[in-house]
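Respectively, the protein sequence lines represent chains A and B. Heads up, the first sequence is in the numbering used here, so the first residue is 1 and it goes up one at a time. Heads up, the second sequence is in the numbering used here, so the first residue is 1 and it goes up one at a time.
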Amino acid sequence: MKTLFPLGVGCSLLLLQSTVASELNDEFHQLLKSSLRSKGPVKVERVLRQDEVQELCSDPDQTISTDMATQVMKQQLEMIEYPEDGHFLGDWRQGEKIAQSGKGLRFNDKDDVPSGGNCYACHQITADELSYGTIGPSLLGYGKLRGYSDEVLRYTWGKIYNPQGYGLCSNMPRYGHQGILTQEQIKDVMGLLLDPDSPVNQ
Amino acid sequence: MKLFVLICVILLPFRVAISDETKDGIEEYRELIADGNPAELWELTGEEIWRTPTGPNDVSLERCDLGEGPGVVEGVYVRLPRYFEDANKVMDLEQRLIHCRMTIQGFSWEQATAHPFGNSTQSSDIEALVAYIASQSRGRTIEVSLNHPDEKKAFELGRQFFYFRAGAHDFGCVTCHSGDGMRIRLQELPNFDDKRQAQRIYGTWPAYRVSQGEVRTMQHRLYDCLRQMRFPEAIYGTDLITAITMYLAKKAEGGTFDAPAMKR
Numbered sequence: 001m002k003t004l005f006p007l008g009v010g011c012s013l014l015l016l017q018s019t020v021a022s023e024l025n026d027e028f029h030q031l032l033k034s035s036l037r038s039k040g041p042v043k044v045e046r047v048l049r050q051d052e053v054q055e056l057c058s059d060p061d062q063t064i065s066t067d068m069a070t071q072v073m074k075q076q077l078e079m080i081e082y083p084e085d086g087h088f089l090g091d092w093r094q095g096e097k098i099a100q101s102g103k104g105l106r107f108n109d110k111d112d113v114p115s116g117g118n119c120y121a122c123h124q125i126t127a128d129e130l131s132y133g134t135i136g137p138s139l140l141g142y143g144k145l146r147g148y149s150d151e152v153l154r155y156t157w158g159k160i161y162n163p164q165g166y167g168l169c170s171n172m173p174r175y176g177h178q179g180i181l182t183q184e185q186i187k188d189v190m191g192l193l194l195d196p197d198s199p200v201n202q
Numbered sequence: 001m002k003l004f005v006l007i008c009v010i011l012l013p014f015r016v017a018i019s020d021e022t023k024d025g026i027e028e029y030r031e032l033i034a035d036g037n038p039a040e041l042w043e044l045t046g047e048e049i050w051r052t053p054t055g056p057n058d059v060s061l062e063r064c065d066l067g068e069g070p071g072v073v074e075g076v077y078v079r080l081p082r083y084f085e086d087a088n089k090v091m092d093l094e095q096r097l098i099h100c101r102m103t104i105q106g107f108s109w110e111q112a113t114a115h116p117f118g119n120s121t122q123s124s125d126i127e128a129l130v131a132y133i134a135s136q137s138r139g140r141t142i143e144v145s146l147n148h149p150d151e152k153k154a155f156e157l158g159r160q161f162f163y164f165r166a167g168a169h170d171f172g173c174v175t176c177h178s179g180d181g182m183r184i185r186l187q188e189l190p191n192f193d194d195k196r197q198a199q200r201i202y203g204t205w206p207a208y209r210v211s212q213g214e215v216r217t218m219q220h221r222l223y224d225c226l227r228q229m230r231f232p233e234a235i236y237g238t239d240l241i242t243a244i245t246m247y248l249a250k251k252a253e254g255g256t257f258d259a260p261a262m263k264r
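Structure, rendered in structure tokens:
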């Protein structure tokens, strides 16, 4: 009861807030419907149908209660699927290709094109690639700095699969949870970060 | 071709430079090319299109009211988007041009919105018109009004969209444009929470895009942002882009307008 009470208050506050904002919300949804059209792999219905994380993280005033954030992060963590065969590491060479590729899931992409991870858009990863972004932290020396323990493997998998479980409203896409990358592709990216032979760890 | 070679010569050393030097190099490159902006060609073409009678009614756009009276192009860009009583809605420059081409020149919606973005096989009248009209606001202060309830509403909807995260990648404008020092690959990203950055960026669109060889308008800039956000395609001339533009213009208020500029 002790833990439920503040959550209850948080929920009612949220409900109150959404009633006040609902008029603008209806108009906002109408605006999206009238201004956007489905094309290729991107459907208007999908952006209109926000999940809990997206809805919470779209609040311009960032008024998410700590209780609410903790609860949602816990749910996101619980939904992470770990590799069925227990093997975390794939081929780092494939991982590098996935990290370089920004293809997939844009309206000008083919429906069946495999998505890239586009990791370099936001992260420094290998020393050789100088064209990297800075929205996320540098991953250079990722395994060398953290070690190659089971805990590190499990944490890294989870972080790629669903970063919202580790920090609510993270900028990073939920690669596994949202089906952007397959399990095999995530393994390859894991290899890039955590194979001792990968250029990341030299 | 000459331009392409020039770019190659200047960009080639970047591959071996480290990041700060890369940044300096890009600045240097920008200064080098700042002397001659191909956007001037679009501005000249745009002026001609503005003055030339065309369409079913065979009249020019010189009677078009962009907010400061029929035919006035000086200083209109920095006050758009704005509410127009005759259309009873808030319009950005491109929506207003569609409106004028329909009501004055007699084009249909389909005709007025056909081919808004130029490519190597067909140039765009709209990009030329926007380049011309924007150039007539150079040196002016960005100052949009939120006095009309519909202007205020457009701003609020634009603000809501700025923070709206959705789709396969959970992206929103906020993902890339709410922090300092953010980059996608080597491209620096303006932080719209910072007035100076908002002013500098908003005040330099439309722009000649070296990588595309075309002058691109704010409609195109946002259209392509949405594509990269893994959002559905924005329909040209609809109200969402105008709402976002209104939000960004307000963020950039007080800035000095200096466009068409030249960008990567």
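Yeah, the Cβ is synthetic: ideal placement off N, Cα and C, and Gly gets one too.
Nearest in C-alpha terms to residue 156 (chain B), of all of B:248, B:49, B:42 and B:257, is B:248. DSSP places residue 216 (chain B) in the uninterrupted beta strand (DSSP E) bounded by 214-216. About 6 Å separates the Cβ atoms of residue 184 (chain A) and residue 90 (chain A), confirming a contact at the 8 Å cut-off. Rounded to whole angstroms, residue 140 (chain A) and residue 172 (chain A) show a C-alpha spacing of 17 Å.
The segment 65-96 of chain A is shown to contain whole alpha helix (DSSP H) runs of 4 or more residues at 66-78, in chain order. For residue 227 (chain B), there are no CB contacts under 6 Å within the same chain when 5 residues up- and downstream are skipped. Ranked by Cα distance from residue 179 (chain A), the first of B:169, B:81, B:62 and B:36 is B:169. Leaving aside the five residues that flank residue 211 (chain B) on each side, the residues in its chain whose CB is nearer than 8 Å to its CB run, in chain order, 264.
Looking at the backbone, the Cα of residue 197 (chain A) and that of residue 148 (chain A) are separated by about 12 Å. When beta bridges are read from the DSSP output, residue 188 (chain B) appears opposite B:183.
For residue 233 (chain B), DSSP records a beta bridge to A:37. Here the alpha carbon of residue 28 (chain A) sits roughly 15 Å from the alpha carbon of residue 234 (chain B). A:175 is the residue among A:151, A:152, A:175 and A:67 whose C-alpha sits nearest the C-alpha of residue 161 (chain A). The beta carbon of residue 93 (chain A) does not come within 9 Å of any beta carbon belonging to chain B, so the residue lies off that interface.
At a C-beta separation below 9 Å, residue 83 (chain A) has no neighbours in chain B, since its nearest C-beta there lies roughly 22 Å away. Look at residue 245 (chain B) here: in three-state DSSP terms it is helix. DSSP, read as helix, strand or coil, puts residue 256 (chain B) in strand. Bounds of the beta strand (DSSP E) holding residue 84 (chain B) are 82-84. Apart from sequence neighbours up to five positions away, the residues of its chain that approach residue 68 (chain B) with a beta-carbon distance below 6 Å are 76, ordered along the chain.
If you draw a straight line from the Cα of residue 159 (chain B) to the Cα of residue 244 (chain B), it comes to about 7 Å. B:141 is the residue among B:180, B:141 and B:123 whose C-alpha sits nearest the C-alpha of residue 252 (chain B). Distance from residue 258 (chain B) to residue 138 (chain B) at the Cβ level is roughly 6 Å; contact confirmed, criterion being Cβ atoms closer than 8 Å.
Residues of the segment 59-88 of chain A with a C-beta atom less than 8 Å from some C-beta of chain B are 59 and 60, listed in chain order. Of the residues A:200, A:165, A:48 and A:182, the one whose Cα lies closest to the Cα of residue 84 (chain A) is A:182. Around residue 256 (chain B), the same chain offers 139, 140, 141, 142, 199 and 203 as residues with beta carbons nearer than 8 Å, after the five sequence neighbours per side are excluded. For a cut-off of 8 Å, the C-beta gap from residue 134 (chain A) to residue 91 (chain B) is around 37 Å, too long to register as a contact.
Chain A places no beta carbon closer than 9 Å to that of residue 225 (chain B), leaving this residue out of the contacts.
For the segment 132-156 of chain A, the set of positions with a beta-carbon nearer than 8 Å to some beta-carbon of chain B reads 132, 133, 134 and 135 in chain order. Selection B:121, B:102 and B:119 evaluated against residue 112 (chain B) yields B:102 as nearest (Cα-Cα).
Just so you know, the alpha carbons of residue 67 (chain A) and residue 216 (chain B) end up roughly 45 Å apart. Contacts with chain A at 9 Å (Cβ-Cβ) do not include residue 84 (chain B).
A Cβ-Cβ contact shorter than 9 Å links residue 174 (chain B) with residue 165 (chain B). The contact set of residue 184 (chain B) on chain A, defined by CB atoms closer than 8 Å, consists of 121, 122, 133 and 135 in chain order.
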